[in-house]
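Participant:
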Amino acid sequence: MIDRKAQTRKNLISLAAVLVFLALVLVLDQTIKPTSKAYMLLTVLQKGSVYALAAVSMNLLNGFTGLFSLGHAGFMLIGAYTYAIFTIPSDARDTVYQYFDAAVRVSFPETLGGALGGFGTALGVLLAVLLAGAVAALFAYLIGLPVLRLKSDYLAIATLGFAEIIRAIFQWKKLGPITNGSNLLKNFARCSTFKLKLGETTVSLSTFVPVLIATLCIALIVLLVNSTYGRAFQAIRDDEVAAEAMGINLARHKMLSFCTSCFFAGVSGATMAMVLSIAQANNFKSAMTYEILLMVVLGGIGSISGSVIGALLFISASEWWLRGLDSGTFLGITAPTVFRNGFRLVVFSVIIMVVVLFFRKGIMGDRELPEALRKKTKRGEVSGNE
Amino acid sequence: MGLWNTVLPYLLSGISVGGQYALIAVGYTMVYGILRLINFAHGDVFMVAGLMMVYFAAAMPLYAAIPLMIALTVLLGFTIERVAYKPLRTAPRMSVMISAIGVSYLLQNLALYITGGLNKNYPEIPWISDKITVFGATTTRVTVITPFLTVALVFALVFLINHTKIGMAMRAVSKDFETAELMGIRINSVISVTFVIGTFLAAVGSLLFFSNYPGIVPTSGAMPGLKAFVAAVFGGIGSIPGAVVGAFIIGISESIIKGLDTILITQGLIAEQVDFSTFSDAVTFVLLIVILVFKPTGLFGEKTTDKV
Numbered sequence: 001m002i003d004r005k006a007q008t009r010k011n012l013i014s015l016a017a018v019l020v021f022l023a024l025v026l027v028l029d030q031t032i033k034p035t036s037k038a039y040m041l042l043t044v045l046q047k048g049s050v051y052a053l054a055a056v057s058m059n060l061l062n063g064f065t066g067l068f069s070l071g072h073a074g075f076m077l078i079g080a081y082t083y084a085i086f087t088i089p090s091d092a093r094d095t096v097y098q099y100f101d102a103a104v105r106v107s108f109p110e111t112l113g114g115a116l117g118g119f120g121t122a123l124g125v126l127l128a129v130l131l132a133g134a135v136a137a138l139f140a141y142l143i144g145l146p147v148l149r150l151k152s153d154y155l156a157i158a159t160l161g162f163a164e165i166i167r168a169i170f171q172w173k174k175l176g177p178i179t180n181g182s183n184l185l186k187n188f189a190r191c192s193t194f195k196l197k198l199g200e201t202t203v204s205l206s207t208f209v210p211v212l213i214a215t216l217c218i219a220l221i222v223l224l225v226n227s228t229y230g231r232a233f234q235a236i237r238d239d240e241v242a243a244e245a246m247g248i249n250l251a252r253h254k255m256l257s258f259c260t261s262c263f264f265a266g267v268s269g270a271t272m273a274m275v276l277s278i279a280q281a282n283n284f285k286s287a288m289t290y291e292i293l294l295m296v297v298l299g300g301i302g303s304i305s306g307s308v309i310g311a312l313l314f315i316s317a318s319e320w321w322l323r324g325l326d327s328g329t330f331l332g333i334t335a336p337t338v339f340r341n342g343f344r345l346v347v348f349s350v351i352i353m354v355v356v357l358f359f360r361k362g363i364m365g366d367r368e369l370p371e372a373l374r375k376k377t378k379r380g381e382v383s384g385n386e
Numbered sequence: 387m388g389l390w391n392t393v394l395p396y397l398l399s400g401i402s403v404g405g406q407y408a409l410i411a412v413g414y415t416m417v418y419g420i421l422r423l424i425n426f427a428h429g430d431v432f433m434v435a436g437l438m439m440v441y442f443a444a445a446m447p448l449y450a451a452i453p454l455m456i457a458l459t460v461l462l463g464f465t466i467e468r469v470a471y472k473p474l475r476t477a478p479r480m481s482v483m484i485s486a487i488g489v490s491y492l493l494q495n496l497a498l499y500i501t502g503g504l505n506k507n508y509p510e511i512p513w514i515s516d517k518i519t520v521f522g523a524t525t526t527r528v529t530v531i532t533p534f535l536t537v538a539l540v541f542a543l544v545f546l547i548n549h550t551k552i553g554m555a556m557r558a559v560s561k562d563f564e565t566a567e568l569m570g571i572r573i574n575s576v577i578s579v580t581f582v583i584g585t586f587l588a589a590v591g592s593l594l595f596f597s598n599y600p601g602i603v604p605t606s607g608a609m610p611g612l613k614a615f616v617a618a619v620f621g622g623i624g625s626i627p628g629a630v631v632g633a634f635i636i637g638i639s640e641s642i643i644k645g646l647d648t649i650l651i652t653q654g655l656i657a658e659q660v661d662f663s664t665f666s667d668a669v670t671f672v673l674l675i676v677i678l679v680f681k682p683t684g685l686f687g688e689k690t691t692d693k694v
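Structural data, given as structure tokens:
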């Protein structure tokens with residue numbers, strides 16, 4: 001009984017922490033102007049939340065279910081395109097599809113916005129995001145039918161292959177009326193235009209929306225991992241044969257994990273399109289999957305908070321902190337011949353290699369943030385008593 | 387024009403590309419056979435070999451540049467194994483694979499830094515880049531000699547594996563790691579030899595591959611690397627003849643898909659471009675998935691059973 005009470009209290013604390021974080025983001029969104037230097041923080045938060053969601057969804061598959069899949073970029077591509085296609089306003093459609101006769105002429109935010117006003121626009125964006133996830137999950141189901149029977153490395157290479165096939169299909173000229181061929185999609189509903197009008201004041205939501213989407217999705221994944229399904233996934237990861245003997249339906253649970261993970265990958269792809277305000281198939285190469293995988297490793301395979309931290313660190317380091325390495329001056333040292341374009345990524349990949357080789361468990365190992373914090377304070381108490 | 391004349395150029399280039407993939411695929415299949423590791427960095431080593439050739443050819447005559455390039459590539463392969471894979475020998479397989487992805491990321495970024503992301507032109511190698519005519523189709527000499535060179539090198543390799551002491555050690559290690567160690571085989575030197583042979587073949591492959599392409603960028607190695615790995619899986623991973631056969635099948639199908647529009651149009655089967663060439667990379671993976679679904683161990687792979 002006491003345990004349950006303590007559990008409820010812990011949950012409430014986590015919930016409060018998340019709400020405070022969201023409020024803080026909303027405040028930062030209003031106070032930091034695009035011209036100021038601190039705007040980098042908002043960029044990092046926007047991109048970071050996209051990658052955090054992608055990393056957590058990959059972790060659900062690789063870390064919690066033990067299915068080593070490398071197809072994430074492909075599912076994010078599906079999400080990004082689905083979102084983009086269904087949110088391009090009708091007057092912009094012909095300029096975007098300049099070489100093709102656009103086949104899809106529905107724009108959710110526009111149609112619903114026309115019927116319900118501002119609320120409808122938001123609902124339309126939400127609907128497009130959900131559809132993005134659903135289409136990615138549908139593709140995952142179709143792909144999962146043949147490939148989920150494969151074991152470790154074979155599964156990795158087959159999913160990697162599927163991501164490449166998807167990329168080719170989306171660039172195919174014959175599908176141009178839907179996907180715009182190899183040209184990019186633009187002018188759809190994007191973060192920088194998200195605003196809330198309350199009477200006279202306008203509240204900017206450009207960072208808040210992606211952060212909110214990522215937070216909600218990650219919360220759903222946490223709930224899933226802690227449910228009976230989550231336990232079944234972990235049992236499959238630890239020992240397939242034993243899990244099957246305990247009555248877990250392997251095929252069904254693997255498929256469930258795969259589709260769920262890909263649903264959230266699709267949502268993260270849609271959020272990415274929202275943040276970058278373009279969608280182009282050529283950006284979703286296998287290199288993107290590798291980067292997400294490295295974020296998961298950095299944070300610790302099997303830890304959700306680890307993946308979030310890993311993604312945020314990865315993005316902050318590569319987009320912000322190490323930027324000086326590319327532009328001549330870093331930590332006060334000026335050496336333009338060494339610190340030129342690309343040096344940042346070299347330093348960064350060396351750091352990653354050090355983590356992979358010497359800190360194999362990543363930042364969090366397989367622990368979660370509250371647990372890790374609690375352990376630390378406990379240890380502190382013990383040493384204090386001595 | 388008859389069907390044969392239209393198809394021939396694509397077939398020739400397919401066989402040639404297949405030979406180049408085969409040289410990379412052998413590296414993958416040998417490493418996988420022994421370490422059970424998809425060496426994701428292998429394709430990038432291949433790219434680095436190409437870039438080295440670009441820089442060396444600018445600084446010294448070809449007869450010095452080619453051996454130096456091959457030697458340094460081999461050294462690179464050896465170093466990667468010692469630094470990035472050896473410390474993880476007892477770690478789960480996933481960690482080693484992640485380390486390989488990390489090395490691939492590092493090599494690509496290093497190449498990006500050094501080249502500044504610019505397209506580097508591959509030096510023209512006199513004799514092999516010459517234009518020649520085969521059965522009425524014009525092509526470069528490298529296209530014709532690649533398959534022969536590949537087959538010769540692979541025969542030498544198969545001889546090495548079947549009839550020498552180190553070859554026997556390699557076979558033993560790939561059968562059973564621990565038992566081989568107990569029998570007094572030096573695992574680490576066997577693995578190093580495997581990497582040395584694999585990277586040597588990749589270096590030769592890069593010489594042939596890039597001679598036919600206008601330039602190299604840091605990501606040039608990723609796709610050929612992946613395709614060569616697929617070839618290795620297709621033929622049955624761990625089997626060298628399998629990798630070669632798989633590589634030729636993949637090279638030819640890719641090349642035919644590239645020309646399918648032209649072939650079908652000249653045959654009067656379709657009226658306009660369907661743009662099949664978009665799928666020239668994807669077809670490799672379609673083949674992979676088909677083979678994995680119907681024969682998961684590949685064409686020549688041995689069947690393994692899971693023990694509880």
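In order, the protein sequence lines correspond to chains A and B.
Each residue of the first sequence is one higher than the one before, counting from 1 in the numbering used here.
Each residue of the second sequence is one higher than the one before, counting from 387 in the numbering used here.
The beta carbon of each residue, even a glycine, is placed where N, CA and C say it ideally should be.
Out of curiosity, what's the CA-to-CA distance linking L493/B and A163/A?
Facilitator: One-based indexing of the second sequence puts residue 493/B at position 107. One-based indexing of the first sequence puts residue 163/A at position 163. Near 23 Å, if we compare the C-alpha coordinates of A163/A and L493/B.
Participant: Identify the continuous beta strand (DSSP E) that holds T87/A and give its terminal residues.
Facilitator: One-based indexing of the first sequence puts residue 87/A at position 87. Counting along the chain, T87/A falls outside any beta strand (DSSP E), and DSSP gives it neither H nor E.
Participant: Is the beta carbon of A80/A sitting closer than 7 Å to the one on R93/A?
Facilitator: Sequence index remark: in the first sequence, residue 80/A carries index 80 (1-based). Sequence index remark: in the first sequence, residue 93/A carries index 93 (1-based). Going by C-beta atoms, A80/A is not nearer than 7 Å to R93/A.
Participant: Can you name the residues of chain A whose CB is closer than 7 Å to the CB of M480/B?
Facilitator: Here the question's residue 480/B lines up with position 94 in the second sequence. Going along chain A in sequence order, the residues near M480/B (Cβ under 7 Å) are F68.
Participant: Flag A542/B as yes if its beta-carbon sits less than 7 Å from any beta-carbon of chain A, otherwise no.
Facilitator: If you number the second sequence from 1, residue 542/B lands on position 156. Chain A, which has no Cβ nearer than 7 Å to the Cβ of A542/B, makes this no.
Participant: Which partner residues does K186/A have in the DSSP bridge list?
Facilitator: Counting from 1 along the first sequence, the entry for residue 186/A is found at position 186. Beta-bridge pairing links K186/A to I278/A.
Participant: Name the chain A residues that come within less than 9 Å of P682/B, Cβ to Cβ?
Facilitator: Numbered from its first residue, the second sequence carries residue 682/B at position 296. Simply R149, L150, K151 and Y154.
Participant: With distance defined between alpha-carbon atoms, name the residue in A589/B, P447/B, L646/B and Q406/B nearest to E510/B.
Facilitator: Numbered from its first residue, the second sequence carries residue 510/B at position 124. Ranking A589/B, P447/B, L646/B and Q406/B by Cα distance to E510/B puts P447/B first.
Participant: Would you identify the three-state DSSP class for K285/A, choosing helix, strand or coil?
Facilitator: Position 285 of the first sequence holds residue 285/A. Here K285/A sits in coil by DSSP.
Participant: Since K517/B is in the beta strand (DSSP E), which residue starts that stretch and which ends it?
Facilitator: Against the second sequence, residue 517/B aligns to sequence position 131. Start and end: K517 to V520.
Participant: Under 9 Å between beta-carbons, which chain B residues line up against G162/A? List them in chain order, please.
Facilitator: Against the first sequence, residue 162/A aligns to sequence position 162. First, the amino acid is wrong: residue 162/A is Phe here, not Gly. F671 and I675, listed in chain order.
Participant: In three-state terms, what does DSSP make of N507/B?
Facilitator: Residue mapping note: residue 507/B aligns to position 121 of the second sequence, counting from 1. In this structure, N507/B counts as strand in the three-state DSSP scheme.
Participant: Tell me which residues of the segment 618-642 of chain B have at least one Cβ-Cβ distance to chain A shorter than 9 Å, keeping chain order.
Facilitator: V619 and I623
Participant: Taking DSSP as the reference, what is the three-state secondary structure of S204/A?
Facilitator: Numbered from its first residue, the first sequence carries residue 204/A at position 204. Strand, per DSSP.
Participant: Rounded to whole angstroms, what is the Cα-Cα separation between L70/A and T525/B?
Facilitator: Locating residue 70/A in the first sequence gives position 70, where the first residue counts as 1. Locating residue 525/B in the second sequence gives position 139, where the first residue counts as 1. Distance between the alpha carbons of L70/A and T525/B: 38 Å.
Participant: Consider the C-beta atom of L492/B and the heavy atoms of the ligand FMN; say whether any pair is separated by less than 6 Å.
Facilitator: The model depicted lacks the ligand FMN and carries no ligand whatsoever.
Participant: Can you find a C-beta in chain B that's less than 7 Å from the C-beta of I13/A?
Facilitator: Along the first sequence, one-based indexing puts residue 13/A at 13. Closer than 7 Å: no.
Participant: Do you know how far the Cα of L568/B is from the Cα of N548/B?
Facilitator: For this step, residue 548/B is matched to residue 162 along the second sequence. For this step, residue 568/B is matched to residue 182 along the second sequence. Whole-angstrom Cα-Cα distance: 21 Å.
Participant: In this structure, how does DSSP classify L594/B when only helix, strand and coil are distinguished?
Facilitator: In the second sequence, the residue the question calls residue 594/B occupies position 208. L594/B: helix per DSSP, three-state reduction.
Participant: Any idea if I518/B is buried or exposed, counting beta-carbon neighbours within 10 angstroms, 16 or more meaning buried?
Facilitator: If you number the second sequence from 1, residue 518/B lands on position 132. Exposed, because fewer than 16 other Cβ atoms sit within 10 Å of the Cβ of I518/B.
Participant: Which residues does DSSP pair with L400/A in a beta bridge?
Facilitator: The structure shown does not extend to residue 400/A, since chain A is modelled only from 1 to 386, so the question has no answer here.
Participant: Taking any Cβ of chain A, which residues in the segment 559-588 of chain B have a Cβ under 7 Å from it, in chain order?
Facilitator: none
Participant: Relative to the C-alpha of M556/B, which candidate in T415/B, L409/B and Y407/B has its C-alpha closest?
Facilitator: In the second sequence, counting from the first residue as 1, residue 556/B sits at position 170. Of the listed residues, the one whose Cα sits closest to M556/B is T415/B.
Participant: List the endpoints of the continuous alpha helix (DSSP H) containing I514/B.
Facilitator: Position 128 of the second sequence, counting from 1, holds the residue named residue 514/B. No alpha helix (DSSP H) holds I514/B; DSSP gives it neither H nor E.
Participant: What are the partner residues of K195/A, as DSSP defines its beta bridges?
Facilitator: Along the first sequence, read from residue 1 onward, the residue named residue 195/A stands at position 195. The partner list for K195/A (beta bridge, DSSP) reads S204/A.
Participant: Answer with buried or exposed for P210/A, where buried requires no fewer than 16 other C-beta atoms within 10 angstroms of its C-beta.
Facilitator: Locating residue 210/A in the first sequence gives position 210, counting from the first residue. With 16 or more neighbouring CB atoms inside 10 Å of its own CB, P210/A falls in the buried class.
Participant: What residue range does the alpha helix (DSSP H) around D647/B cover?
Facilitator: The count along the second sequence starts at 1 and reaches residue 647/B at position 261. I626 to T652 is the extent of the alpha helix (DSSP H) around D647/B.
Participant: Looking only at its own chain, which residues have a Cβ that is under 8 Å from the Cβ of S391/A, when we skip the five neighbours before and after it?
Facilitator: Residue coverage of chain A in this structure runs from 1 to 386, which leaves residue 391/A outside it and unanswerable.
Participant: Please say whether F188/A and I292/A have beta carbons closer to each other than 7 Å?
Facilitator: Within the first sequence, numbered from 1, the residue matching residue 292/A stands at position 292. Within the first sequence, numbered from 1, the residue matching residue 188/A stands at position 188. Not in contact: I292/A and F188/A (Cβ atoms no closer than 7 Å).
Participant: Buried or exposed: where does S399/B fall if 16 or more other Cβ atoms within 10 Å of its Cβ makes it buried?
Facilitator: Position 13 of the second sequence, counted from the first residue, corresponds to residue 399/B. S399/B is buried by the Cβ-count criterion.
Participant: Just to confirm my understanding: we take F85/A, look at its own chain, exclude 5 residues before and 5 after, and list those with CB closer than 6 Å. What are they?
Facilitator: Numbered from its first residue, the first sequence carries residue 85/A at position 85. Looking at the sequence provided, one finds Ile at residue 85/A rather than Phe. Same-chain partners within the cutoff: V104.
Participant: Give me the Cβ distance between I309/A and I363/A, rounded to the nearest whole Å; I'm assuming they're in contact under 8 Å.
Facilitator: On the first sequence, position 309 is the one that residue 309/A refers to. On the first sequence, position 363 is the one that residue 363/A refers to. By a beta-carbon distance limit of 8 Å, I309/A contacts I363/A. Their separation comes to about 6 Å.
Participant: Taking L678/B as the reference, which of V20/A, L127/A, A122/A and K151/A has the closest Cα?
Facilitator: Translated into the one-based positions of the second sequence, residue 678/B becomes position 292. It is K151/A.
Participant: Of all Cβ atoms in chain A, is any one closer than 7 Å to the Cβ of L496/B?
Facilitator: Translated into positions along the second sequence, residue 496/B becomes position 110. L496/B counts as touching chain A.
Participant: Please decide whether F343/A counts as near chain B, where near means a Cβ-Cβ distance under 7 Å.
Facilitator: The count along the first sequence starts at 1 and reaches residue 343/A at position 343. Taking 7 Å as the CB threshold, F343/A lines the interface with chain B.
Participant: What is the DSSP secondary structure of I315/A, reduced to helix, strand or coil?
Facilitator: The residue labelled residue 315/A in the question sits at position 315 within the first sequence. In this structure, I315/A counts as helix in the three-state DSSP scheme.
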